[in-house]
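To convert, count from 1 in the sequence shown and add 8; that's the working numbering. Read through the structure below, which is laid out as structure tokens, and then see the notes.
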Amino acid sequence: MAMTTKEFRRHRLDGRGKVIIAALVVAGVVMAALLHSCSSDTTPGSGALGQSSGAPTTAKGSLVPQIPHRTRTPADPDYLTAAPQGISWQRVDGVPLPFSATDGPTRINGAVTGGYSNSPQGAVLAAAQIAFRLAFSPDYQAVVDAQTDVSDATRSQLVAARAAGPQPDPSVIAQFASAPVAFRVSAFADNHATVYLAYPRTPGDQVRFSRSALIWEGGDWRYSDQFDSHSPPLPDAPLPATFTRF
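Structural data, given as structure tokens:
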């Protein structure tokens, strides 16, 4: 049963997905403005959170021990809005990624992470992890193969864009990449989710938004190119009150 008052409709990615770092563009594939926070208006070394700029660097990430029975359920009043608990921010390929003590990931196999909870919190974590690994991991092909459920055209577009673009330099990315400051789950059901992540802009009090669609398949979240029709791309704006801070 969907946890949204809007009907979930499927449609293709709107073609404005971009990744901005060293002119790397993954057009129409990952999400709208996946990493606008890495553009030239962001101060090097500045972080969305204290833990983002100081996040330890790990090869492909280190798992956080899971706290049993702490994943939220639909009976919880803050099911759609609560943040994952016990988050550790770790830099992987230069990008700060969230690892939770309650909602995963619970396994790492090279560039691929998995074992996320089938909950809004698990979807939020998967959205950040999968999108950034698609955009910046040298092993992006493994992520495409294991963690995407997209059309053949979208898949080909993603692979071609990564293959044609410059190889991301983790040391350069680490100077600019900030962790998301907040999130909103705009649509959720057992088998799909749409997630917004908000990234800081410096200077100014506005944030930039990324939008991710995910599908629950094979016991885990996969990146999708099909969005809830009531979750449009968002323009830069002050952080809305409907977003939850990490």
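We put the beta carbon where it would ideally sit given N, CA and C, even for glycine.
| Query | Result |
| --- | --- |
| How many Å lie between residue 126 and residue 207 at the Cα? | 24 Å |
| Which residues share a DSSP beta bridge with residue 98? | 105 |
| Verify whether the separation of the beta carbon atoms of residue 137 and residue 111 is less than 9 Å. | no |
| Pick out whichever of 172, 253 and 133 has its Cα sitting closest to the Cα of residue 190. | 253 |
| Residue ranges of each beta strand (DSSP E) run of no fewer than 3 residues wholly in the region 76–157, ordered along the chain? | 96–100, 103–107, 115–117 and 120–122 |
| Could you spell out the range, first to last residue, of the beta strand (DSSP E) harbouring residue 163? | Segment 160–172 is the alpha helix (DSSP H) holding residue 163; no beta strand (DSSP E) there. |
| On a CA-only basis, which of 166, 198, 160 and 187 is nearest residue 224? Give me that one, please. | 198 |
| Applying the criterion that 16 or more other CB atoms from any shown protein chain within 10 Å of the CB defines a buried residue, is residue 67 buried or exposed? | exposed |
| Assess contact between the region 235–254 and the region 159–176, defined as three or more Cβ pairs (one per stretch) separated by less than 8 Å. Is contact present? | no |
| State the Cα-Cα distance for the pair residue 60 and residue 97, rounded to the nearest angstrom. | With a pLDDT of only 46 at residue 60, under the threshold of 50, the placement of this residue in the model should not be trusted; the figure read from the coordinates follows. Approximately 6 Å, taken between the alpha carbons. |
| Measuring CA to CA, which of 212, 244 and 196 is closest to residue 236? | 196 |
| Apart from the five residues just before and just after residue 101, which ones in its own chain have a Cβ nearer than 6 Å to its Cβ? | 144, 145 and 178 |
| Please state whether DSSP places residue 239 in a helix, a strand or coil. | coil |
| In three-state DSSP terms, what is residue 178? | helix |
| From residue 49 to residue 216, what distance separates their C-alpha atoms? | Confidence is the limiting factor: at residue 49 the pLDDT is only 43, short of 50, which leaves the residue's position unreliable and the question unanswerable from this model. |
| Are residue 109 and residue 95 touching if we call contact CB-CB under 9 Å? | yes |
| What is the DSSP secondary structure of residue 217, reduced to helix, strand or coil? | strand |
| Between the alpha carbons of residue 77 and residue 123, how many angstroms are there, rounded? | 15 Å |
| Identify every residue that forms a DSSP beta bridge with residue 211. | Bridge partners of residue 211: none, in fact. |
| Counting pairs of Cβ atoms below 8 Å between the region 153–163 and the region 228–235, do you hit three or more? | yes |
| Beta-carbon within less than 7 Å of residue 72's beta-carbon, same chain only, minus the 5 sequence neighbours each way: which residues are those? | 94, 96, 107, 108 and 109 |
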